[in-house]
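Protein chains in written order, with the working numbering: chain A, 97 to 193; chain B, 64 to 412; chain C, 13 to 256. One structure is given below, encoded as structure tokens.
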Amino acid sequence: MAGKIIIDVEKCKGCGLCVSFCPRGSIVIGRKSNMKGYFTAEWDGSECTGCGICGIVCPDAAIEVYIQEEVKAVGTKGAGGKSGSRKVAGGPNAAKG
Amino acid sequence: MCGNEVLAEAAILAGVDAYFGYPITPQNEVTAYMARRMPEEGRVFLQCESELAAINMVYGAAATGKRAMTSSSSPGISLMQEGLSYLAGAELPAVVVNVMRGGPGLGNIAPSQGDYFQSTRGGGHGDYRTIVLAPSHLQELADLMWLAFELADVYRMTALVLADGILGQMMEPVVMAKRSSARELPPKDWALTGKKGRSQNIVRSLWLGDGALEESNYRLQAKYKKVQQNEVLCEQYRVEGAEVAVVAYGIAARICRSAVNLAREAGIKAGLIRPITLWPFPGEQIKQAAESVRGLLTVEMSCGQMVEDVKLAVEGRVPVGFYGRPAGGVPTAGEVLARIKEFVPEPAR
Amino acid sequence: MEAIFKRTATLKDFQTHYCPGCGHGIAHRLVAEVLDELGVSERTIGIAPVGCAVLAYDYLDVDMIEVAHGRAPAVATGMKRTNPDKIIFSYQGDGDLAAIGTAEIVHAAQRGERFTVIFINNAIFGMTGGQMAPTTVDGQVTATTPKGRSYIGQGYPMKVSELISSLPGSIYVERCALSGPGQIRKCKKAIKKAFQLQIDGADGLGFVEVLSACPTYWRMRPVEAMKWIEEEMTQIFPPGRFKG
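Next comes the structure, spelled out in structure tokens:
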């Protein structure tokens, strides 16, 4: 799988935006509620391209998006971005002096 | 120099970093003077769109640790009340000058002392206090401007300098000198300067947590108590052995001083108590005087505002009388003398 | 695996009090990301509004100040004029900026003040329980327009970007929408451009209007609210660059 996401369940408010905008439909609102009582989003574990859209639309910065190194190297030839890394936002390469 | 220019130059000597203001009679000489002099000193001057904007610009500059001031007259000070409450809640130092005119409403442009309540009793919302300094001659106006900036920085409060249309316009010789601070000014480590090298600073007055605002208020009250213990200023003139004490501040006190002299010549043992800080009010001095005089006559250029504080301080020991003329009416020394004569009770047989 | 998207440093690691699907969460994140990418977080001072975002300082890790309702542009003026080297921004809602604070923002633009304004337009007063805002649209039901806003008698929606761009002292005015991933990316670009202009010492006001969802008081689910921005709000408040 090219990518994966980790959802911070305690930050999620179950708003459903990631569910609606995920191009693969890989995110659902699950049946588990968090400490605040929200039914939170869950990644069903299926194909993730690491597009980052879920992270972008999340109002709670509750989703981290990961991508495999090899895919990153291949996918970014000619795709622009500095030092060959494909980044959407945030992340360890984002802040620079 | 006229009074308005004196207070402006005194502020510059005190190192004011920024002046924000809006024109209003009778203090327009201040804005004009500052417009010319502040850029000469490399400081910030801005004529802004309203008094409401001006006090908020002061709030902003003060929050970054700068010395900031504004000046206005009664109706403009009314507009600033929201800002004064926020300054108090956020504990920011600021200096505001009110050159009083007649009111209420649009009033007139004549001098008055009708803003005593507004200055000492708020007039913004919440349990807060403002330091109020009332000069009665131009040298004192210059001296109190320096003191205002010091007190504001020491206590993180607003210091309001209460002048009036006469003081603003009159011309008297004044010695303008650069001074050095007699006190140790605390570092402004709370100021917003960018979080580099430390954690985030927040300037706020909203405390939503359970009991948090109550706690914040007690903190403020403790501070105000310190001010009351340490910063009272009051002049006493010929009060030794007096039968009647006239209580007056600002320009009214100058008139009353003459009246007291006339009274003494007429054989009446009169004296003058002149509060210089209206808050903290010299309640102790007045209380002490009430032990030996047979009455206190409060004279104000209003319908009677400070007289209430005098009554509170006297606690019913002796009669407290009032004479005043509001909204541009200026009492003469002769009028005050006549009132003193009426007021002094016959000596006990 | 390498993280390509995670929480940026200036966005504090706290759950926000905002409603599920509220646009403030996205807008705060964009501001934080921009400040980190431009490397100015340590010399930035932000102004929080009166409104749902009054507690913005709990989420954005920069020096911040609370101010009276609507007065942010005046406070920002006081700050920037006395501290020209600091990056000053105000973050205001439609009550703060387009109702009570209209004089302050107009005059800040008139004078060409050199700070950045992020204007969150969600066509309603959220904090106080969903009353009509100057930006509320025709027919919109709110707590103070129970029959739906009627332009005649209750006023027309205020098009702030158009208004501000007509003033000579504004140098960059853009309206964008938090209505989907593509639009959100555009918003971030606009916010970044506005801050970059301030960093470069540009002589005038940078202004970004952000159409934002208020699912609770629009009485919609978050996904529907995003659609409503896309399909309805943009008809009245067209996104685009008005100046600069």
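Ideal placement from N, C-alpha and C gives every residue a C-beta, glycine not left out. All values reported here derive from a predicted model rather than from experimental measurement.
Beta carbon proximity, residue i to chain D, threshold 8 angstroms
i	result
residue 105 of chain A	In the displayed structure, chain D is absent; the protein chains listed are A, B and C.
Unbroken alpha helix (DSSP H) run spanning residue i, endpoints
i	result
residue 290 of chain B	275-293
residue 204 of chain C	193-211
residue 232 of chain C	Run containing residue 232 of chain C: none; DSSP gives neither H nor E here.
residue 179 of chain B	179-183
residue 253 of chain C	Note, residue 253 of chain C: premise wrong, no alpha helix (DSSP H); beta strand (DSSP E) at 252-255.
residue 172 of chain B	Careful: residue 172 of chain B lies outside any alpha helix (DSSP H) and carries neither H nor E.
residue 65 of chain C	Counting along the chain, residue 65 of chain C falls outside any alpha helix (DSSP H), and DSSP gives it neither H nor E.
residue 94 of chain C	84-94
Assigned secondary structure, residue i (DSSP; H/G/I helix, E/B strand, else coil)
i	result
residue 172 of chain A	Because the pLDDT at residue 172 of chain A is just 47, under 50, the model does not fix this residue reliably, and the point stays unresolved.
residue 299 of chain B	strand
residue 84 of chain B	strand
residue 127 of chain A	strand
residue 222 of chain B	strand
residue 306 of chain B	coil
residue 191 of chain A	The predicted model places residue 191 of chain A with a pLDDT of 40, which falls under 50 and marks its position as unreliable, so this point remains unresolved.
residue 116 of chain A	helix
residue 246 of chain C	helix
residue 170 of chain C	coil
residue 108 of chain A	coil
residue 143 of chain C	strand
residue 154 of chain C	strand
residue 153 of chain B	helix
residue 217 of chain C	strand
residue 202 of chain B	helix
residue 212 of chain B	helix
residue 159 of chain B	strand
residue 345 of chain B	coil
residue 133 of chain C	strand
residue 372 of chain B	helix
residue 253 of chain B	coil
residue 355 of chain B	helix
residue 195 of chain B	strand
residue 180 of chain A	Per-residue confidence for residue 180 of chain A stands at a pLDDT of 41, beneath the threshold of 50, marking its modelled position as unreliable; the derived number appears in the next sentence. DSSP places residue 180 of chain A in helix when its eight states are reduced to three.
residue 321 of chain B	helix
residue 239 of chain B	coil
residue 70 of chain B	helix
Range of the contiguous beta strand (DSSP E) that encloses residue i
i	result
residue 188 of chain C	182-189
residue 270 of chain B	Here residue 270 of chain B belongs to no beta strand (DSSP E), and DSSP marks it neither H nor E.
residue 103 of chain C	99-105
residue 17 of chain C	14-17
residue 78 of chain C	75-78
residue 406 of chain B	Here residue 406 of chain B belongs to no beta strand (DSSP E); instead the alpha helix (DSSP H) covers 396-406.
Per-residue contacts from residue i into chain C (C-beta, under 7 angstroms)
i	result
residue 122 of chain A	Neighbours of residue 122 of chain A on chain C: none; closest Cβ ~15 angstroms, over 7 angstroms.
residue 160 of chain A	15, 17 and 18
residue 163 of chain A	13, 14 and 16
residue 83 of chain B	90
residue 111 of chain A	32, 33 and 234
residue 116 of chain A	235
residue 151 of chain A	17
Closer than 8 angstroms at the beta carbon, the chain C residues around residue i
i	result
residue 263 of chain B	69, 73, 74, 75 and 76
Residues bridged to residue i [DSSP beta-bridge criterion]
i	result
residue 360 of chain B	B/309 and B/384
residue 245 of chain B	DSSP, once it has assigned bridges, lists no residue as partnering residue 245 of chain B.
residue 100 of chain A	A/162
residue 336 of chain B	B/299 and B/310
residue 302 of chain C	Because chain C here runs from 13 to 256, residue 302 of chain C falls outside it and cannot be looked at.
residue 234 of chain B	B/65
residue 131 of chain B	B/81
Interface residues of chain A facing residue i [CB-CB closer than 8 angstroms]
i	result
residue 139 of chain C	Residues of chain A passing the Cβ test: none, with the nearest at roughly 17 angstroms.
Neighbouring residues, chain C, relative to residue i (Cβ below 9 angstroms)
i	result
residue 109 of chain B	89, 90, 93 and 123
residue 80 of chain B	94
Proximal residues of chain A, C-beta to C-beta of residue i below 9 angstroms
i	result
residue 238 of chain C	113, 116, 117 and 153
Per-residue contacts from residue i into chain B (C-beta, under 7 angstroms)
i	result
residue 56 of chain C	257
Contact list for residue i against chain B, beta-carbon separation under 8 angstroms
i	result
residue 66 of chain C	269
Exercise. Name the residues in the segment 13-44 of chain C whose C-beta lies less than 8 angstroms from a C-beta of chain A; which are they?
Worked result: 13, 14, 15, 16, 17, 18, 19, 20, 21, 23, 27, 28, 30, 31, 32, 33, 34, 35, 36, 37, 38 and 41
For this session: Scan the segment 185-199 of chain C for residues whose Cβ lies nearer than 8 angstroms to a Cβ of chain A and list them as they occur along the chain.
Result: Closer than 8 angstroms at the C-beta level to chain A, one finds these residues of the segment 185-199 of chain C: 192, 193, 196 and 197.
For this session: Using a Cβ-Cβ cut-off of less than 9 angstroms, give me the residues of the segment 122-139 of chain A that come near chain C, in sequence order.
Result: 132 and 134
For this session: Quick one: which residues of the segment 267-283 of chain B get their C-beta closer than 9 angstroms to a C-beta of chain C? List them in chain order.
Result: Flagged, chain order: 267, 268, 269 and 271.
Exercise. If contact means a Cβ-Cβ distance below 7 angstroms, which residues of the segment 140-159 of chain C contact chain A?
Worked result: Along the segment 140-159 of chain C, there is no position whose C-beta sits under 7 angstroms from a C-beta of chain A.
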